[in-house]
Every structure is written in C-alpha cells, then in structure tokens.
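Take a look at the structure below.
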Amino acid sequence: MRSFILILMPLLMVIATITSSKLYAQTSVITGTVLSDDRIPLAGVTIAVKGKPQAVTTNNNGVFSINISMGETLEISYVGYQTQTFLINNNNPVQIILSKSASTSQLDEVVVVGYGTQRKGNLTGAVSTVDVSKSLVNRPVADVGRGMQGAASGLSVIIPSGEVGSDPIMKIRGQITSFQGSTQPLILLDNVEIPSIQVVNPTDIASITILKDAASASIYGAKASNGVILITTKKGSGSAKPQLNYSDNFSWQNTWKSLKMADVDALRYTVDAAERIGVTTPVGAFYYVDRASYNKAVAWKATYGSTIGPNDPTLFGRDWYVQGANNSKMGLRTYDPYDYMVKEWAPTQQHNLTVGQTLGKTSYNIGLGYLKQSGMMKPAKKDDFTKYNASVRLSSEIGKF
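Numbering that gives the first Met the number 0 numbers the first residue of the sequence shown as 0 and each following residue consecutively.
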C-alpha cells in the first residue's frame, strides 16, 4: 500500500503540471475596432500578435477578431499611420485609435504656390516650407535671414561679415550664375518684390515657402531662375474685438571662443628665428626686439602684467626705450589686440507691437517693430544697427462672381 502511494504521487504532480500549463496557454477570441484620430473606421489594418506569425486585417467597418491569450500584446500597423501596441488583459471588446504619421501630416500642409495655395501632397515641383514658430518666433534672432539658417533643405544662408545689420547671401541649391549676374533668389512679400529680406519684421510673418526648381520661372519670369522665397504676412486676429500683442527680447552676443595671443612668447619666437639664421641685431617693425629686450619684456610682464590694462597710456622708459645708433625703439610692453579691437559682449533689444481685428469680411493687421543691435568692434566710430518697421495689411472680400 505504501509503495502504491509513492508511485501515485509523482503521477498526480505530472497531471497537475499539464493542467496548469493548458490553463495558462488557453486562448480566447478578442474583437475590436480600429479608428482614425478623427473617428473614421479604417479597413485593411494589420492586427498581429507580437512575437508570433498570427495576424488578421480589419473589415470595411474597421472590425477585427483574433485568437489571443491573456497578457499577450497586439501590434497594429497601417500605411500612413503610426504603429501602435495594445496589451490584452481582459475579454472585453477593444477600441484602438491610430494617429497619422509625421510624413502624412506634412502632406496635408497648405503651402503658397505662385499666386495661390495648394496642398503639399499635390505638388509636382520642389517646394520647402519654413516652420516660422521654431525658426523665428521662438528664437532670439535679429532678422529673418539669420533665422532661416538651416531651416529648410536646399537653402544656403551665408553671413558675409561680422557687421551688424549686414544683408545675408541666400542661395537655393547652391545656384551659380554668370560672374556679373545675381545668384540671389527672388524675394516676394505678399506677392510684391522686395530688395532685401532684412526689411521684413520677423513677427509679421505668417508663412515662408521656398520654390526651388525651374517651375517657378514659368510663373515669375527670368528673375525666378535662382528660385523664389514667398513670404506672407499675418492677417487679422479673426476676432470681432481688437487683439493687441506686445513682445520684447533682450539678448547679447560675445565671441565664440576665448581668443589669446602669444604675448611674450611671440617675442621669444622672433628672437629665436633671427638667431637661428645668424641675425643678432634688433629685428621688428615699429617696435624692435633682441635677446636683451626680450629678457626685459619678461621682467615687465612679471611686474606690470596684472596691473596695467589696455586703456593705460604707454610710457617711455617703463614700456619702451631707445638703443643703438639707429635709435631703435625697443618694446617691452606686450599688447593683446583683441583687448583693443573686440568687445567682450554687445547687447541687442527688440520690441514688437501688433494690432489685429476682423469686422465681417474685412480684416486688418498693423505691426510696429524696433531693433537696436550693437556691434563688437571697439575702434569703430559707429558700430550699431537700428531698424524701424511699420506694416499694415488690410483685406476685404468685396463680392463673389
């Protein structure tokens, strides 16, 4: 009897294990519906069990049925929509909402083409749009040109110099024309040609569209051979009450890295180079240097280097002396040209005021802008840039024909 019980107990354990595994692997039929983000049923959506080859598709009403175990995950995919996953934890019907992918949303954008607008997905020419909110509104840029750097594919914006207020060089697809011809694209503000993009206030802009291929020349003529930049300004606020908006920005600019000169080491390099070729007489231009004056310059640096600033006067005997029959001026004091030429920081301030309103079929938008930008050159008599902007846009629907 005892041996029978010992044999029966392992058998019961095996049966219990098999039963529990069957319960864990038990599947059930799950039904559900797949909708778009605007609550429209989607047909032909692929519903797959993650990690398994099992998959079904939705019918014309967006409904599907699939065998799945509790704790498994459904993977829902559809062309033009973002793939989603859904964890199954009960037998209730499920409802899944799919959102359009980023590329599909871009195809629904309305862009300016010629003298009208068109959905981006229907375009046959090469067109780019600039995200105005990211490139201009949310950045402390002083002008539109600098704000468009890197904002659109195929558009190159180069700042020719460090002069404040300088007009940027803009090229579309790196256009190269004749040596005497212009490579600048045609710039249109509300379909009116403007000489420079600098005249536009960034806060007045509603959209920027870039036409990059030869199709633009068929609309605007030979001036559009290097491409077209279409800028549209803001309309009225859409409210029956006047909408008043004010924005300001205070910023500053400084050198992109710490600029250091060779200081007394430059004097040593000069003396070493002269002695290497056998020259022992003083060398230089305005100030001369030899081995003796270099040693005195090192002593000057240790004594006065931390107390004499760039604005202190140069004194004979302390900072320089004369020697030899040629009365050579021997320099002891070293100068850092960046201390004399470049400011450590330069401020910029912007103020913008807009008023907009819509009355029936008539809307208006008035914009006022002020920009004060300081340069970084110390010796310049005037190194700043001031710009005033005033714009009025009035539109009214007179009648339909």
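Ideal Cβ positions, reconstructed from N, Cα and C, are used throughout, including at glycine. This structure is a prediction, so every number in the text was calculated from the model and none was measured.
Run through the DSSP bridge pairs and tell me what residue i is partnered with.
i, result
"Leu229", "Leu187, Thr208"
"Tyr80", "Lys99"
"Pro346", "Trp251"
"Ile65", "Ile29"
"Ile46", "Val55, Ile75"
"Asp192", "Residue 192 is actually Glu in this sequence, not Asp. Bridge partners of Glu192: Leu187."
"Lys401", "Because the chain in this structure spans residues 0 to 400, residue 401 falls outside the shown range and cannot be described."
Are the Cβ atoms of residue i and residue j separated by less than 8 Å?
i, j, result
"Met340", "Pro378", "yes"
"Ser250", "Pro281", "no"
"Thr57", "Ala42", "yes"
"Leu243", "Val354", "yes"
"Ile96", "Leu188", "no"
"Asn388", "Asn200", "yes"
"Leu266", "Lys295", "no"
"Val55", "Thr30", "no"
"Val136", "Ile207", "no"
"Gly149", "Arg138", "no"
"Asn60", "Pro92", "no"
"Gln252", "Thr347", "yes"
"Ala151", "Ile209", "yes"
"Thr84", "Glu74", "yes"
Between residue i and the rest of its own chain, which residues show a CB-CB distance below 7 Å, the 5 nearest in sequence each way excluded?
i, result
"Gly153", "Ser127, Ile171, Arg172, Lys211"
"Lys360", "Ser395, Glu396"
"Thr333", "Asp262, Val263, Ala296, Lys300"
"Ser224", "Ala216"
Does any residue of chain B have a CB that is nearer than 8 Å to the CB of residue i?
i, result
"Gly144", "Considering every chain present, this structure includes no chain B. It has just one protein chain."
CB-CB under 8 Å to residue i, same chain, minus the five flanking residues each way: which ones, in chain order?
i, result
"Asp383", "Val163, Lys371, Gln372, Ser373, Gly374"
"Ala239", "Gln356, Thr357, Leu358"
"Ser27", "Asn66, Ile67, Ser68, Met69, Asn90"
Taking only three categories from DSSP, how would you classify residue i?
i, result
"Thr269", "helix"
"Gln242", "strand"
"Asp338", "helix"
"Ala298", "helix"
"Leu135", "helix"
"Gln148", "coil"
"Lys222", "helix"
"Asp318", "coil"
"Arg38", "coil"
"Val93", "strand"
"Arg392", "strand"
"Ser362", "strand"
"Tyr286", "coil"
"Asp264", "helix"
"Val198", "helix"
Kindly list the residues whose CB is nearer than 6 Å to the CB of residue i, restricted to its own chain and excluding five residues on each side of it in sequence; keep chain order.
i, result
"Ala125", "Lys211, Asp212"
"Asn351", "Thr202, Ser246, Gly368"
"Ser292", "Met329"
"Pro309", "Asp338, Tyr339"
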